[in-house]
Amino acid sequence: MTSLPERQIRPASLALVKTQSTVFARGTKPVLATVVHEEGVICRVSMLILNKTAGVFSKPSRRKPYEFLRSFNFYPGKLFLHKLVLGIETSCDDTAAAVVDETGNVLGEAIHSQTEVHLKTGGIVPPVAQQLHRENIQRIVQEALSASKVSPSELSAIATTVKPGLALSLGVGLSFSLQLVHQLKKPFIPIHHMEAHALTIRLLNKVEFPFLVLLISGGHCLLALVRGVSDFLLLGKSLDIAPGDMLDKVARRLSLIKHPECSTMSGGKAIEHLAKQGNKLHFDIKPPMQRAKNCDFSFSGLQHVIDKIIMQKEKEEGIQKGQILSSAAHIAAAVQHTIACHIAKRTHRAILFCKQRHLLSQSNAVLVVSGGVASNLYIRKALEIVTNATQCTLLCPPPRLCTDNGIMIAWNGIERLRAGVGVLHNTEGIRYEPKCPLGVDISEEVGEAAIKVPRLKMEI
Ligand code: KG4
Ligand code: ZN
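In terms of our numbering, the sequence shown is residues 9 to 468.
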C-alpha cells in the first residue's frame, strides 16, 4: 500500500486556541472489561515524580516490597501478574497514552485532542501539531500512568507509534519514548499505526485470525486480511484521498464550523449529524469506480462533484462562499449515502474474494471495521447489509476506540509481547517512517479476479 497524500496542510503561523484533554482511570471506562487487580493489592498511590527539566520521569523514590514480589510474578493473593504495556500515540493530531494489561484491561488512559485547533485553521498544520505534541506528551503520559496506579518500573515494555503518520508528529512520540525507555531500561515495541487500528477489536472480542479488516479514517482507507499479529494481506486501498479527508473537506466547504449544531464536531461527525435532517436522494450522485472490479477506493472525484453542486446551489440561493446553504443537510445526506455505498461495494467484493480463495472461514467469517470514519453509524448500517448478505459477522470497536487513542497502541504492544515479535532490547537505529505500507499487497491479484458483486438494496 502506498500511504495516501497528507490531509489539507496549511502554513504555520496561526494562533493556537484552547484544546481538550481527557483522562480515564481504571473503572471509569464504559466499554472496557472489569479490572482484574483488586484495590489495595496493586492499586496504590503512584510514586511517579515529574522531572520537568529532563523531560522524562524520575524513578520512584522507594522500592515497595510488592514491586519486588511482582518482579517474580508473585503477589499476595495472586499467583500470576499480567504483563503491563504503556502505549504512546502521536502519529497525527492526538497525543494519547494508555496502560493496558495482558488480558486487555485498560488501567489508565489520557488523551489530548488537537481537533479544535485544526478545525479553526482549516486543516492540520504539521508544525502546530508538533508543537502541541511537545507541549502535552509528558503530561499525557504521566496522567495515563497516574490513572493506572502503575509505577513506571512495573511496566513490561513501552510501545509507541513509529509509522505511518506525519513526520513531525511521529518524531515527538519517538524521541520522548526513547528517552523513557533508556531511563527505565525497558524493552521498546515500535508500532505500525494501521496494524494497531486493525487489532484493537481483539482487546474487546475474542476474534481469531484470519479476519477481514476495513480501516477508514482521515488519513487511510484500506481493506486487508489479517492472518496474524504482523501478517497482513492488502486487498485494496484508496487511490487518492481517504474518506475522512473528503468528509472534512466537504464540511469545510459547507462552512459547517459556523453551524450552531456542528461547530465543535470533526468534519465527518458534522456531516453525519446534518445528514439526519436531509434527503439523500435530493441529488443524483453516482458512486465512484463502478466499473473497476477490484477492491480499491476513490474519493477525490466525488469531492469535485460535491464542490460543483455546492457552487451551483450558492448561485441559486444567491449566497456567498462561507455562508451556510439551506440545502446543506441534503448535500450531507447525499455525500454520506454515496460514500457508504462505495465502501460497502468494495468490501462486499473483498469478502467474496476471500471466500472464493478460502482465505476466510466459509461459516464463521468476520469483518472488522475501524478508524475514525467507522464511528459513522450510517456507514456501519451499509456494511451490515453486506455482512448479512454474505453470512459474515460485523464487528466494530466503540467509536472512541475507532479514532486514534493510546489504548490501541498499548494493546498492540501486548499482542507483540505475547507473540514475541518486534520487541526490541536495543533501540539503536530505530527511526520513524512517515510512509509505510501495510502487509503484502495483493490488490492486483484481487483486480485480476474481477469478481462481480451482486446488487444489494441499500435501504439504510
Ligand atoms: O482515525 P482518526 O481519528 O484519525 C486518523 O485519520 O488517523 O480519524 C479521523 C477522521 C476525520 O476525518 C473525521 O472527520 C472522521 O474520522 N470522523 C468521522 C466521524 N467521526 C470522525 N467520519 C464520519 N462519521 C463520523 N461520525
Ligand atoms: Zn488512525
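Idealized CB from N, CA, C, for every residue including glycine.
Going by the C-beta, is residue i closer than 6 Å to any heavy atom of the ligand KG4?
{"i": "GLY131", "result": "no"}
{"i": "THR355", "result": "no"}
{"i": "ASN287", "result": "no"}
{"i": "HIS384", "result": "The question names His, yet the displayed sequence has Asn at residue 384. The answer is yes for ASN384."}
{"i": "ASP256", "result": "yes"}
{"i": "CYS100", "result": "yes"}
{"i": "LYS171", "result": "no"}
{"i": "VAL158", "result": "no"}
{"i": "SER246", "result": "no"}
{"i": "ARG431", "result": "Just to set this straight, residue 431 is Val in the shown sequence, not Arg. No, the beta carbon of VAL431 sits no closer than 6 Å to any heavy atom of the ligand KG4."}
{"i": "GLY181", "result": "no"}
{"i": "GLY276", "result": "yes"}
{"i": "GLY112", "result": "no"}
{"i": "GLY95", "result": "no"}
{"i": "GLY330", "result": "no"}
{"i": "GLU280", "result": "yes"}
{"i": "VAL381", "result": "yes"}
{"i": "GLY421", "result": "no"}
{"i": "GLY236", "result": "no"}
{"i": "GLY428", "result": "no"}
Can you tell me whether DSSP reads residue i as helix, strand or coil?
{"i": "THR411", "result": "coil"}
{"i": "HIS433", "result": "coil"}
{"i": "LYS329", "result": "strand"}
{"i": "GLU441", "result": "coil"}
{"i": "HIS190", "result": "helix"}
{"i": "PHE76", "result": "Low local confidence applies: a pLDDT of 45 at PHE76 is under 50, so the model's placement there is unreliable, with the coordinate-based value given in what follows. Helix."}
{"i": "SER121", "result": "strand"}
{"i": "GLU97", "result": "strand"}
{"i": "PHE184", "result": "helix"}
{"i": "ALA458", "result": "coil"}
{"i": "SER510", "result": "It is not possible to answer for residue 510, since the shown part of the chain is limited to 9 through 468."}
{"i": "ILE50", "result": "Bear in mind that the predicted position of ILE50 carries a pLDDT of just 28, short of 50, making it unreliable; the figure below should be weighed with that in mind. In this structure, ILE50 counts as coil in the three-state DSSP scheme."}
{"i": "THR36", "result": "Note that THR36 scores a pLDDT of 37, beneath 50, so its modelled location is shaky; the value from the coordinates is reported in the next line. Of the three classes helix, strand and coil, the one that applies to THR36 here is coil, per DSSP."}
{"i": "ILE468", "result": "coil"}
{"i": "CYS362", "result": "helix"}
{"i": "THR395", "result": "helix"}
{"i": "ALA300", "result": "coil"}
{"i": "ILE17", "result": "Unreliable positioning characterises ILE17 in this predicted model, as indicated by a pLDDT of 37, which lies under 50. A coordinate reading is not provided."}
{"i": "LEU211", "result": "helix"}
Just to check, is the beta-carbon of residue i closer than 6 Å to a non-hydrogen atom of the ligand ZN?
{"i": "ASP304", "result": "no"}
{"i": "ASP412", "result": "yes"}
{"i": "SER177", "result": "no"}
{"i": "SER369", "result": "no"}
{"i": "SER263", "result": "no"}
{"i": "SER225", "result": "yes"}
What are the partner residues of residue i, as DSSP defines its beta bridges?
{"i": "VAL234", "result": "PHE219 and PHE240"}
{"i": "PRO198", "result": "THR168"}
{"i": "SER378", "result": "LEU223"}
{"i": "VAL448", "result": "LEU241"}
{"i": "ILE105", "result": "The sequence shown places Ala at residue 105, rather than the Ile named in the question. ILE96 and ALA118."}
{"i": "SER246", "result": "PHE305"}
With residue i and residue j assumed to form a contact (beta carbons below 8 Å), what rounded beta-carbon distance in angstroms separates them?
{"i": "ALA427", "j": "VAL237", "result": "4 Å"}
{"i": "ILE415", "j": "VAL108", "result": "6 Å"}
{"i": "VAL377", "j": "LEU402", "result": "7 Å"}
{"i": "VAL170", "j": "ILE96", "result": "Contact flag wrong, Cβ pair sits at about 10 Å."}
{"i": "GLU110", "j": "ILE422", "result": "6 Å"}
{"i": "VAL461", "j": "LEU375", "result": "Incorrect: roughly 15 Å between the Cβ atoms, too far for contact."}
{"i": "LEU115", "j": "LEU163", "result": "That belief does not hold up - the Cβ atoms of LEU115 and LEU163 are roughly 11 Å apart, past 8 Å."}
Legend entry - Contact the stretch 184 to 197 vs the stretch 362 to 370: 3+ CB pairs below 8 Å: no
Legend entry - Touch test, the stretch 105 to 120 against the stretch 144 to 159, Cβ-Cβ under 8 Å, three pairs minimum: yes
Inset, instruction - Would you be able to state if there are at least three C-beta pairs under 8 Å between the stretch 331 to 342 and the stretch 279 to 286? - result: yes
Legend entry - Meets three-Cβ-pair contact criterion under 8 Å: the stretch 241 to 258 and the stretch 213 to 233: yes
Inset, instruction - Count the C-beta pairs between the stretch 393 to 412 and the stretch 437 to 454 that are closer than 8 Å, then say yes if the count reaches three, no if not. - result: no
Legend entry - Segment contact flag, the stretch 349 to 357 with the stretch 174 to 191, C-beta cutoff 8 Å, min 3 pairs: no
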